[in-house]
C-alpha cells in the first residue's frame with residue numbers, strides 16, 4: 022500500500038510520462054481527483070490558540086473559568 026503523498030507525486034508523473042489527462046492519471050493511480058487537488062490551508066487560529074494557552078496557564082485564582090486543552 023502506497024501513502025497519499027506518494028500517490029499525489031505519481032499523478033503528475035503519469036500525466037507526463039504516459040500523456041494522460043488528470044482524470045485518467047488519477048484513475049490509473051487509484052486516487053480521487055479531490056485528494057490530488059487538495060491544498061492545505063494555513064492555520065488562521067494560531068494567535069487565538071496562543072492567547073488561550075496563555076490564559077489557561079496563568080494563575081487566575083479560585084473560582085475562575087479554566088480552559089481545558
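Numbering (this note's numbering), first residue to last: 22 to 90.
Each residue gets a CB set at the ideal place from its N, CA and C atoms; glycine is no exception.
From a predicted model like this one, the values you see are computed outputs, not experimental measurements.
Beta-carbon contacts of residue i that lie in its chain and below 7 Å, excluding the five residues immediately before and after
i: residue 57; result: 29, 32, 47
i: residue 36; result: 43, 46
i: residue 25; result: 56
i: residue 41; result: 35, 49
Residues of its chain near residue i, where Cβ-Cβ distance is below 6 Å and the 5 sequence neighbours each way are ignored
i: residue 71; result: none
i: residue 79; result: none
Straight-line gap, residue i to residue j (C-alpha atoms, nearest Å)
i: residue 34; j: residue 62; result: 24 Å
i: residue 50; j: residue 23; result: 10 Å
i: residue 38; j: residue 59; result: 22 Å
i: residue 54; j: residue 64; result: 24 Å
i: residue 27; j: residue 69; result: 34 Å
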